[in-house]
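First up is the structure itself, then whatever we jot down about it.
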Amino acid sequence: MARDSQAALVALNRFGFGARGGASGDFINAASDLRGFVKAELARPNGVLLEAPGLQSTSQLGQAVFAYQDQVKQAREAAKAAAPAEAPQQAPADQKPGLRRNLSLNAVATEIAGQMAEAKPADNAAKPESMQPNIAASPAAKPAPQPLNVIQKTFRAEALARLQRATLVECGFTERLVVFWSNHFCISASKGELARIWAGAFEREAIRPHVLGRFADMLKAVEQHPAMLFFLDNQQSRGPDSRAGQNRKRGLNENLAREIMELHTLGVGGGYTQEDVTSLARIITGWTFAGRQGQLGVPGSFVFNTNAHQPGPQMLLGKTYEPTGLAQGEAALADIARHPSTANFIATKFVRHFVADDPPPALVARLRDVFVKTDGDLKALATALVDSDDAWRAPLTKMRSPYEFLVASGRLLARVPEDPGAYLNSLNLLGQPLWTPAGPNGFPDTNAAWAAPEGIKLRLDVAAQMGARLGNNIDPLDLLEFAAADAASIETRRTIERAESRQQALALLLMSPEIQRR
Amino acid sequence: MIDCVENRLLTSRRGLLLGGASFAAWAYLPKFARAADGRDPQLIVVILRGALDGLSTVAPVGDPDYAGLHGSIALTADGAHPAIMLDSFFALHPAMPEFARMYRDRHAAVIHAVATPYRDRSHFDGQDVLESGYAGPGRVQSGWLNRALEALPRGERVSSGLAVGPTTPLVLRGNAPTVGWAPVALPQADDDTAMRLVDLYRHRDPVLASVLSQGLQLEKAASGEDMKRKGGNAVAQMRQVARGAAKLMAADDGPRIAALAFDGWDTHANEGGPVGRLAFLLGGLDGALAEFESGLGERWRDTAIVVATEFGRTARINGTDGTDHGTATIALLAGGAVKGGRVISDWPGLKLANLHEARDLKPTTGLRSVIKGVLQGQFGLSDRVLAETVFPDSAGARPMKGLVG
Chain A
1 MARDSQAALV ALNRFGFGAR GGASGDFINA ASDLRGFVKA ELARPNGVLL
51 EAPGLQSTSQ LGQAVFAYQD QVKQAREAAK AAAPAEAPQQ APADQKPGLR
101 RNLSLNAVAT EIAGQMAEAK PADNAAKPES MQPNIAASPA AKPAPQPLNV
151 IQKTFRAEAL ARLQRATLVE CGFTERLVVF WSNHFCISAS KGELARIWAG
201 AFEREAIRPH VLGRFADMLK AVEQHPAMLF FLDNQQSRGP DSRAGQNRKR
251 GLNENLAREI MELHTLGVGG GYTQEDVTSL ARIITGWTFA GRQGQLGVPG
301 SFVFNTNAHQ PGPQMLLGKT YEPTGLAQGE AALADIARHP STANFIATKF
351 VRHFVADDPP PALVARLRDV FVKTDGDLKA LATALVDSDD AWRAPLTKMR
401 SPYEFLVASG RLLARVPEDP GAYLNSLNLL GQPLWTPAGP NGFPDTNAAW
451 AAPEGIKLRL DVAAQMGARL GNNIDPLDLL EFAAADAASI ETRRTIERAE
501 SRQQALALLL MSPEIQRR
Chain B
1001 MIDCVENRLL TSRRGLLLGG ASFAAWAYLP KFARAADGRD PQLIVVILRG
1051 ALDGLSTVAP VGDPDYAGLH GSIALTADGA HPAIMLDSFF ALHPAMPEFA
1101 RMYRDRHAAV IHAVATPYRD RSHFDGQDVL ESGYAGPGRV QSGWLNRALE
1151 ALPRGERVSS GLAVGPTTPL VLRGNAPTVG WAPVALPQAD DDTAMRLVDL
1201 YRHRDPVLAS VLSQGLQLEK AASGEDMKRK GGNAVAQMRQ VARGAAKLMA
1251 ADDGPRIAAL AFDGWDTHAN EGGPVGRLAF LLGGLDGALA EFESGLGERW
1301 RDTAIVVATE FGRTARINGT DGTDHGTATI ALLAGGAVKG GRVISDWPGL
1351 KLANLHEARD LKPTTGLRSV IKGVLQGQFG LSDRVLAETV FPDSAGARPM
1401 KGLVG
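Going down the list, the protein sequences come from chains A and B. Okay, so the first sequence: first residue is 1 according to the numbering used here, each after it adds one. Okay, so the second sequence: first residue is 1001 according to the numbering used here, each after it adds one.
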């Protein structure tokens, strides 16, 4: 049994998002049919799609940003026109707090909140629902918060939908695949307002439909998505000899072309040259999205702008691509997707993510062969991973990323998030701000990144706060049972048993190797 | 998860940090039927989680067996850090001068050799019994203070303006609505939790042990604290929470009934005597009581604070200059409403034969009787309500008379 339990831990943690608490029976289900538990989700490709009320398409969201930007501009101009006439308003004179007596509770609470926290008052909306007796904070306690704009609202709604899905799914293998591919083809919300509002839609539209489909299809969907075109500047790129290039003295931007080859497909050293980068950049000139005026199409949707496209045939990776407009680039991408370097690069990254920082070469080779033989069938790739013995045999040495840690904690505590605020804040704190990696290479995927001194200390602080907030309501030993059953070490069990409070016990449980490693 | 770090710049580790403490209050002003005598009674319940060593806090220095049992950490009435004699038999820990002053002014009292009905030694279950008010653990998700409030007439609501605290202690949870307040939202894990985790990692995950240890040292360096000052942080936290809570309660429309919890009393190793780990914590508690006194102003006159813990610790120190989980301990009362200046105890003695299971101070007073006495004195709750609703099936535990009023 001990052996099966250890394997169940692999099923739950290496491939999934960890066992759910409550009556899920996840651990037992995983232990009784290890591979079946993980692979069940692979049979339901539609289950990977994410639709939730209120989530809009990329073009709708683009239009919302354009409208919002227009509003802001108008308001600014109106303010500028009105400003010179009025003297700046005098702030109310400061009273000495010491002289005040018998203030209303409201005033005291506001005053205290201001004095005490460098950080802002608690985000009440993230308050767990099981603590109902405690009344939600009234906004009066805070300095009146700015209402969220459409971009912030959208970002939070997208985040919430993703978090709820990850919390609720059974094993979570396909959600882990979504996170993997989304990070592989990452954009960063910090690029600008369009990137921020599009971050969730990008994942829903370009990643999810292909997570159990073909790599080439995902590649095309990604490189033609307005979010990626915006993130890597391709909407600014013009063929030097195109009409737009000639007229406006603008030219190539190689950014997207380089990252397609370096980060999305072939990998560094994958056999391409600077010539190839420039060539691919020319090939995909004209790949853009329609702007606010909608001259090229529906604002915020992908369009091929012939006027910006470099005319003529192009040589890429030893092959000539005839001038067929949009099809020229699509043909190029299809070939790159099929390139042996791509198979190798993807297989290595995939195994590194799921199995070990130093991916076992035999397993990489096997997945590479599957990728090649199936012409990049990502479901076959995922299946081959789960079917391999290597993926089960390797010890659980990988550190959970902050996102995986937080989602696993929410699942174990059986708490479906109703507000993304607590998650988003914790992800910021722990160095993995949602959909906002520092560069186009995405978040790192090794222990060197996540098992770092400050990061682990902060993770402990987050765990302690979860303990303080939720420890009251749970039995930490029950949770250990849900999470690891008899795969839990004696030391972990003892540490939890001997904790001085439920709060402390929960913090220690969440920080235990059984939860942190996968 | 962290609630309020929208901006990564806010992750400074040197901000005002309050962990290990929580505060919550009743959401209504009670309409007490006591307008006749002009009193405006206030009640604050302070839960010390982790099991307070009562024998080190109020030491029976007059008991001939005390010094031997408590060994290296025993308090004495002389020496560099003399304990403060409360009477000819009991001495107060020197880290608590404020409580000593209140005691001299007859606004503070000690109940010794007290315990809940719980006789096992699990923190979780012990706290559950302490706060739920039931005879055993795991019975309900509501606390005795909340059920007492339900029995009071409600006045105006006072929820406006209070932010939500990280947690409501079980003692105040239940049907009667409460509000909470969290002084800050970026608390750090306390040192005790961190050390326990380092210990677990040392056994199970050496890499993480080393990484976390480094992180903790960085933390110390950043906050300008050296490792010796362990506990200093907790002291500031306790005062801070009490100061804020007192301010809120002092408002005209502020709550009159509140509960807070302080963590960290599980002193298994290096507990310390007149100075050391427990001394730091007691200093924090003492400071918190003083903050309530000054912050409540005129309201202090009608205030009773009850300080209680889930159980006590072993009479004899263990092999690591600490104490393990025990049974009877102390409860403290403080406030202008308290009829103080006395240690209330039916002292069982510390002879081996007199110890509970030959290891713990034997309980001779029921904590429920003490609390019932306070509730009755402050709010006039009847014997029946106390015995049936507040502390179900507790008719045997008669309210202790004359504690407050």
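From the three backbone atoms N, C-alpha and C, an ideal C-beta is built for every residue, glycine too. Treat the numbers as computed from the prediction; the structure is a model and nothing was measured.
Would you verify that the beta carbon of residue i is, or is not, closer than 8 Å to some beta carbon of chain B?
i	result
threonine 167 of chain A	no
glutamine 146 of chain A	no
proline 313 of chain A	no
asparagine 247 of chain A	no
May I have the straight-line CA-CA distance separating residue i from residue j, to the nearest angstrom?
i	j	result
leucine 1197 of chain B	methionine 466 of chain A	15 Å
glycine 1264 of chain B	serine 5 of chain A	34 Å
leucine 460 of chain A	lysine 1401 of chain B	46 Å
glutamate 203 of chain A	arginine 196 of chain A	12 Å
proline 476 of chain A	alanine 221 of chain A	44 Å
arginine 162 of chain A	aspartate 357 of chain A	26 Å
proline 147 of chain A	phenylalanine 443 of chain A	30 Å
proline 1041 of chain B	threonine 174 of chain A	59 Å
threonine 306 of chain A	alanine 327 of chain A	12 Å
glycine 312 of chain A	isoleucine 284 of chain A	12 Å
serine 1394 of chain B	tyrosine 1134 of chain B	8 Å
glutamate 1388 of chain B	threonine 1193 of chain B	38 Å
phenylalanine 482 of chain A	isoleucine 28 of chain A	9 Å
phenylalanine 15 of chain A	proline 1363 of chain B	53 Å
alanine 332 of chain A	histidine 339 of chain A	11 Å
isoleucine 1344 of chain B	aspartate 1190 of chain B	34 Å
threonine 1303 of chain B	threonine 495 of chain A	39 Å
Can a CB atom of chain A be found closer than 8 Å to the CB of residue i?
i	result
phenylalanine 1262 of chain B	no
glutamine 1127 of chain B	yes
serine 1389 of chain B	A quick correction: the sequence has threonine, not serine, at residue 1389 of chain B. So, not an interface residue.
aspartate 1266 of chain B	yes
phenylalanine 1124 of chain B	yes
alanine 1042 of chain B	For the sequence presented, residue 1042 of chain B should be read as glutamine rather than alanine. Answer no: the Cβ-Cβ gap between glutamine 1042 of chain B and chain A never drops below 8 Å.
alanine 1288 of chain B	no
glutamine 1237 of chain B	no
aspartate 1205 of chain B	yes
Determine the closest residue to residue i out of the options, with distance taken between C-alpha atoms.
i	options	result
glycine 18 of chain A	A/Cys171, A/Ala161, A/Leu163	A/Cys171
phenylalanine 1124 of chain B	B/Gly1133, B/Pro1137, B/Ser1382	B/Pro1137
tyrosine 272 of chain A	A/Tyr68, A/Lys80, A/Lys319	A/Lys319
alanine 1269 of chain B	B/Met1195, B/Asp1205, B/Asp1065	B/Met1195
methionine 1238 of chain B	B/Gln1376, B/Leu1260, B/Asp1053, B/Thr1057	B/Leu1260
alanine 1083 of chain B	B/Pro1153, B/Gly1143, B/Pro1274	B/Pro1274
alanine 1080 of chain B	B/His1070, B/Phe1089, B/Asp1087, B/His1093	B/His1093
asparagine 255 of chain A	A/Ser401, A/Arg248, A/Arg282	A/Arg282
valine 268 of chain A	A/Asn344, A/Val407, A/Leu506	A/Asn344
Look up residue i in the DSSP assignment and give the residues it is bridged to.
i	result
leucine 968 of chain B	No answer is possible for residue 968 of chain B: the residues shown for chain B start at 1001 and end at 1405.
glutamine 314 of chain A	A/Tyr321
histidine 1325 of chain B	B/Arg1313
glycine 1366 of chain B	B/Ala1115
glutamine 1042 of chain B	B/Thr1303
Going along the chain, which residues of its own chain have a beta-carbon closer than 7 Å to the beta-carbon of residue i, five neighbours each way excluded?
i	result
alanine 1095 of chain B	Ala1279, Leu1282, Gly1283, Asp1286
valine 1235 of chain B	Phe1280, Gly1283, Gly1284, Gly1287
glycine 325 of chain A	Phe304, Thr306, His309
glutamine 164 of chain A	Val416, Pro417
leucine 381 of chain A	Phe350, Leu367, Val370, Phe371
arginine 1139 of chain B	Ser1132
Can you list, in chain order, the residues of its chain whose CB lies under 8 Å from that of residue i, leaving out five sequence neighbours each side?
i	result
alanine 1250 of chain B	Gly1295, Leu1296, Gly1297, Arg1299
glutamate 259 of chain A	Leu232, Pro440
threonine 446 of chain A	Arg352, Asp357
proline 437 of chain A	Asn183, Cys186, Ser188, Phe443
serine 1088 of chain B	Gly1062
For residue i, collect the residues of the same chain with a Cβ closer than 6 Å to its Cβ; drop the 5 residues on either side in sequence, then sort them by chain order.
i	result
threonine 167 of chain A	Gly410, Arg411, Val416
isoleucine 236 of chain A	Checking the sequence shown, residue 236 of chain A turns out to be glutamine, not isoleucine. Hits under 6 Å: Asn253.
arginine 1301 of chain B	Gly1336
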